[in-house]
């Protein structure tokens, strides 16, 4: 399989796994981003995007007003799309792209849907987290013949990084 997708319930460790892979694969100079929680007094208030080269942008926040919402979060769609624009073109050496995540907030963006489709259709390898339950867009990605889907659980989350690293070396 060319691409690896990681799914599981919220809080199981998908983002932690992507960050661990980014650290262990640093010599391959991966491109991409992960999503970090914004917490205030221990309570999640939103999400921030962090590119693997260190750029940051707000993705969503409970206090963000506007037409784009997922649950209690307002989504900063223009900010997200500007962040994505900073990821293109990817450096030629970036044969591996890490994405956290392909989910409801991200799928609100037509630019993101195009970008992730182009990445999946390219010669690059993609390792991405994807919503456990999603819409037609995310389910379509899960059904692609060139992806291998792994569900992260409490029982396998510590060993899954090794499995994925092995898959990336052998495929």
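Numbering (my numbering), first residue to last: 2 to 172. The beta-carbon is built from N, C-alpha and C at its ideal position, and this holds for glycine as well.
Which residues does DSSP list as the beta-bridge partners of residue 57? In the chain shown, counting from the first residue as 1, residue 57 sits at position 56. Answer is 51.
Ordered list of beta strand (DSSP E) runs contained in the stretch 66-121, each at least 3 residues: 74-76, 97-103
For residue 62, tell me which candidate among 53, 72, 55 has the shortest Cα-Cα distance. Position 61 of the chain shown holds residue 62. With distances taken between Cα atoms, residue 62 lies closest to 72.
CA-CA distance, residue 57 and residue 8? Within the chain shown, the letter at position 56 stands for residue 57. Within the chain shown, the letter at position 7 stands for residue 8. Taking the straight line joining both Cα atoms gives about 24 Å.
Any chance the stretch 133-145 sits against the stretch 40-55, with 3 or more Cβ pairs inside 8 Å? no
Below 8 Å, how does it come out for the stretch 113-126 and the stretch 149-156: are there three or more Cβ pairs, yes or no? no
On the CB-based measure, 16 or more other CB atoms within 10 Å of its CB, does residue 36 come out buried or exposed? Start at 1 with the first residue of the chain shown, and residue 36 comes out as number 35. Classification of residue 36: buried, given that the 10 Å Cβ count is 16 or more.
If distances are taken between C-alpha atoms only, which option among 66, 3, 74, 94 comes closest to residue 32? The count along the chain shown starts at 1 and reaches residue 32 at position 31. Out of 66, 3, 74, 94, 94 has the C-alpha closest to the C-alpha of residue 32.
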